[in-house]
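For the sequence shown, the numbering used here gives the first residue as 8, with consecutive numbering after it. Read the structure below first, then the notes.
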Amino acid sequence: MRAHWRNLARRLTSAEEDAATLVSLSAQFVEVERALRQAQWSAVAGSPARAAHGVADVAAATGTPLIAIARFADRAVAFAHARGTTRMTPLGSWSDLLDDLAQLGRAIARIATGGGTPPVLAAATTLGCELGERLWPVVADLADDEAITLALDRGLESTLLSSLPPLWNRPVTIASLAVTGTPRAARGPLGSSAARVAVAVGPRLDGADAEAADVLAVWGAGQTHRRATDVVAAFADADVIHLAAHAGLRWDNPLQSQIHLDDGPVALTEVLAAARGRGSTGRAIRLLYLAACSLGGGVTDSALVSAIPTLAEHDIETVVAATIPLPDAESGWIARTVHEAVCRGETPAAGLAQARARVRPGDPGTAVTWAALACLSAYAGLA
């Protein structure tokens, strides 16, 4: 059934079918996807009850200071825990915070896609600074480059919080309060000694082959895949998986979003199923790097959780993903910087911070680079 779904998806996006055939294919695609969804979720229906854990418990498990931003009625409140002390900071209206972050996301998306006119760049810089002013008291007791875990309430996971000035220079790992259960202790550094690496390259993406070659050169070994079936198979045993491909975000159901490969797409539900399958082996995927547009995005509301925090909860240690369109020309060197850091035994969040250190936010000469780095975040599950 999955192969049939993949073939239908490929034909629907191929621009080779006439209008009448597209109507028929669309109807078939909906039916097959519905059957797949029913089969997948009935097999894993239900979740274990989640115990409550304080910010100190989570901070101790992750080994970093913790900042949790939560919603109470229509107020946003930040809790910062570091060195045995927890401090609460009001951040104002929850709806205003969401609206401002959404506006910042739209402005940076325009910059990323070549629409960074001086007024747009000025508006994004000003809004980012204004939002940053709200966060400065939250991190006032931390060193400027100190790593943190940022746990966000439902609706904030797909925003560009890590792009704000108080967080720009520090390694930031994002987690979702909506999927957080028992704190998961940080594992040791990965390094390059025994890492199994798989890289996937999608069609019609300039620079994807060069990016894949760079990633493999960093690790010194690994395999390149172009077919969806081979990529899904690679999820069975790879420690590091890098996907350089076009993607399509499903706003109605982010976990049905697709990564496009030569023989058709891979759905994020397939990635989730593979990650869950790894749980019984005790060998979680250490890093999933999605160099694909917008997969970290999704609906910002109180009902849905975006796809990436859900993936990070299920036996994927860290997921790097973009919340808005990722500029192709900037993707390669950023990926190389992150993989170099991980290969040295550092975290993906540290690699992103090292890449951001090369750019001054709001600089007209590096506006697209700023947008590329602003949209990328490292996500981890705490459960």
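All residues carry an ideal CB built from backbone N, CA and C; glycine is no exception.
Exercise for review: Give every residue of the same chain whose Cβ lies closer than 6 Å to the Cβ of Ser54, excluding the five residues on either side of it in the sequence, and list them in chain order.
Suggested key: If you number the sequence shown from 1, residue 54 lands on position 47. Per-residue confidence for Ser54 stands at a pLDDT of 48, beneath the threshold of 50, marking its modelled position as unreliable; no derived number is given.
Review point. Is it buried or exposed for Gln265, if we count other Cβ within 10 angstroms and need 16 for buried?
Key: As a working mapping, residue 265 is identified with position 258 in the sequence shown. With 16 or more other Cβ atoms within 10 Å, it is buried.
**Study point:** Arg283 versus Asp259, Asp244 and Ala251, residue with shortest Cα-Cα distance
**Key:** By 1-based counting over the sequence shown, the position of residue 283 is 276. Closest option to Arg283, Cα to Cα, is Asp244.
Check your understanding: Taking the alpha-carbon positions, what's the Ala83 to Ala379 distance?
Key -> Along the sequence shown, one-based indexing puts residue 83 at 76. Along the sequence shown, one-based indexing puts residue 379 at 372. In a straight line, the C-alpha of Ala83 is about 27 Å away from that of Ala379.
Check your understanding: Is the beta carbon of Ser304 less than 8 Å from the beta carbon of Ser102?
Key -> On the sequence shown, position 297 is the one that residue 304 refers to. On the sequence shown, position 95 is the one that residue 102 refers to. Residue 304 is actually Gly in this sequence, not Ser. Not a contact, by the Cβ cut-off of 8 Å.
Point to revise | Ala219 vs Thr236 beta-carbon contact at 8 Å | key: For the purposes of this step, residue 219 is identified with residue 212 of the sequence shown, where counting begins at 1. For the purposes of this step, residue 236 is identified with residue 229 of the sequence shown, where counting begins at 1. Contact annotation: Ala219 and Thr236 have beta-carbon atoms that are not nearer than 8 Å.
Practice item. Name the one or two DSSP bridge partners that Pro144 has. Key: Working through the sequence shown from its first residue, we reach residue 144 at position 137. Its beta-bridge partners do not exist; DSSP assigns none.
Review point. In or out: Trp258 buried (at least 16 other Cβ within 10 Å) or exposed?
Key: Sequence index remark: in the sequence shown, residue 258 carries index 251 (1-based). Trp258 should be labelled exposed.
**Study point:** Residue from Gly61, Val247, Gly352 and His11 with nearest C-alpha to Arg41
**Key:** Here residue 41 refers to the residue found at position 34 when the sequence shown is read from its first residue. Nearest of Gly61, Val247, Gly352 and His11 to Arg41, Cα basis: His11.
Check your understanding: Looking only at DSSP bridge pairs, what is Met95 linked to?
Key -> Counted from its first residue, the sequence shown places residue 95 at position 88. Paired residue(s): Phe86.
Practice item. Check whether the Cβ atoms of Glu24 and Arg17 lie closer than 8 Å to each other. Key: Your numbering for residue 24 matches position 17 in the sequence shown. Your numbering for residue 17 matches position 10 in the sequence shown. Not a contact, by the Cβ cut-off of 8 Å.
Review point. Excluding five sequence neighbours on each side, which residues of the same chain lie with their C-beta closer than 7 Å to the C-beta of Thr120?
Key: For this step, residue 120 is matched to residue 113 along the sequence shown. Within the same chain, Cβ atoms closer than 7 Å to the Cβ of Thr120 are found at Pro332, the five residues on either side in sequence being excluded.
Review point. How would you label Cys350, buried or exposed, when you count the other beta carbons within 10 angstroms and need 16 or more for buried?
Key: Translated into the one-based positions of the sequence shown, residue 350 becomes position 343. It counts as buried.
Exercise for review: Identify every residue that forms a DSSP beta bridge with Gln110.
Suggested key: In the sequence shown, the residue the question calls residue 110 occupies position 103. Per DSSP, none; premise fails for Gln110.
Check your understanding: Would DSSP call Thr354 helix, strand or coil?
Key -> Here residue 354 refers to the residue found at position 347 when the sequence shown is read from its first residue. DSSP places Thr354 in coil when its eight states are reduced to three.
Check your understanding: In this structure, what does DSSP give as the bridge partners for Pro272?
Key -> Taking the first residue of the sequence shown as position 1, residue 272 is located at position 265. For Pro272, the pairing in a beta bridge is given by DSSP as His267.
Practice item. In the DSSP assignment, find the unbroken beta strand (DSSP E) run with Arg257 in it and report its ends. Key: Reading the sequence shown from its first residue, position 250 is the one you call residue 257. Where Arg257 is concerned, there is no enclosing beta strand (DSSP E), given that its DSSP letter is neither H nor E.
Review point. Would Val145 pass as a contact of Ile74 if the rule is Cβ separation under 8 Å?
Key: Reading the sequence shown from its first residue, position 138 is the one you call residue 145. Reading the sequence shown from its first residue, position 67 is the one you call residue 74. In this structure, the beta-carbon distance from Val145 to Ile74 falls below 8 Å.
Practice item. Return yes when the Cβ of Leu167 is within less than 8 Å of the Cβ of Ala381, no when it is not. Key: In the sequence shown, the residue the question calls residue 381 occupies position 374. In the sequence shown, the residue the question calls residue 167 occupies position 160. Contact: yes.
Exercise for review: Would you mind stating whether Leu279 and Thr330 have Cβ atoms separated by less than 8 Å?
Suggested key: Taking the sequence shown and counting its residues from 1, one reaches residue 279 at position 272. Taking the sequence shown and counting its residues from 1, one reaches residue 330 at position 323. Going by C-beta atoms, Leu279 is not nearer than 8 Å to Thr330.
Point to revise | Alpha carbon of Gly135 to alpha carbon of Gly255, nearest angstrom | key: Mapped onto the sequence shown, residue 135 falls at position 128. Mapped onto the sequence shown, residue 255 falls at position 248. The straight-line gap separating the alpha-carbon atoms of Gly135 and Gly255 is approximately 27 Å.
Exercise for review: Starting from Ala77, follow its DSSP beta bridges and name the residues at the other end.
Suggested key: Looking up residue 77 in the sequence shown gives position 70. Its beta-bridge partners are Val84.
Check your understanding: Does the Cβ-Cβ distance between Tyr296 and Val225 come in under 8 Å?
Key -> Walking along the sequence shown from the start, residue 296 turns up at place 289. Walking along the sequence shown from the start, residue 225 turns up at place 218. In this structure, Val225 does not lie closer than 8 Å to Tyr296 by Cβ.
Review point. Cα separation between Ala150 and Arg234?
Key: One-based indexing of the sequence shown puts residue 150 at position 143. One-based indexing of the sequence shown puts residue 234 at position 227. A straight-line Cα-Cα distance of about 45 Å links Ala150 and Arg234.
Check your understanding: Any idea what DSSP makes of Ile315, helix, strand or coil?
Key -> Stepping through the sequence shown from its first residue, residue 315 is reached at position 308. The answer is helix: DSSP assigns Ile315 an H, G or I state.
Check your understanding: Helix, strand or coil: how does DSSP classify Val247 here?
Key -> Taking the sequence shown and counting its residues from 1, the one referred to as residue 247 is at position 240. For Val247, the secondary structure class from DSSP, reduced to helix, strand or coil, is strand.
Review point. Should Tyr386 be labelled buried (16 or more other beta-carbon atoms within 10 Å of its own) or exposed?
Key: On the sequence shown, position 379 is the one that residue 386 refers to. By the neighbour-count rule (16 or more Cβ atoms within 10 Å), Tyr386 is buried.
Point to revise | Per-residue DSSP class, three states only, for Leu383 | key: Residue mapping note: residue 383 aligns to position 376 of the sequence shown, counting from 1. The answer is strand: DSSP assigns Leu383 an E or B state.
Exercise for review: Give the secondary structure of His11 by DSSP, where H, G and I count as helix, E and B as strand, and everything else as coil.
Suggested key: Within the sequence shown, the letter at position 4 stands for residue 11. Looking at His11 - three-state DSSP - the assignment turns out to be helix.
Point to revise | Other residues of its chain near Ala50: CB distance less than 6 Å, five sequence neighbours each side excluded | key: In the sequence shown, counting from the first residue as 1, residue 50 sits at position 43. Because the pLDDT at Ala50 is just 49, under 50, the model does not fix this residue reliably, and the value given afterwards should be weighed accordingly. So the list is empty, once near-sequence residues are dropped.
Check your understanding: Exposed or buried, Trp143, counting other C-beta atoms within 10 Å across all chains shown (16 or more means buried)?
Key -> As a working note, residue 143 is residue 136 in the sequence shown. Classification of Trp143: exposed, given that the 10 Å Cβ count is below 16.
Review point. Taking Cβ positions, are Pro371 and Pro172 nearer each other than 8 Å?
Key: As a first step, residue 371 must be located in the sequence shown, where it is residue number 364. As a first step, residue 172 must be located in the sequence shown, where it is residue number 165. Note that the C-beta distance between Pro371 and Pro172 is not below 8 Å.
Point to revise | Close Cβ partners of Ala52 (< 8 Å) along its chain, the five nearest in sequence each way excluded | key: Numbered from its first residue, the sequence shown carries residue 52 at position 45. Since pLDDT at Ala52 reaches only 45, below the 50 mark, its modelled position is unreliable, and no value is offered.
Review point. How many Å lie between His267 and Arg90 at the Cα?
Key: The count along the sequence shown starts at 1 and reaches residue 267 at position 260. The count along the sequence shown starts at 1 and reaches residue 90 at position 83. Answer to the nearest angstrom: the Cα atoms are 45 Å apart.
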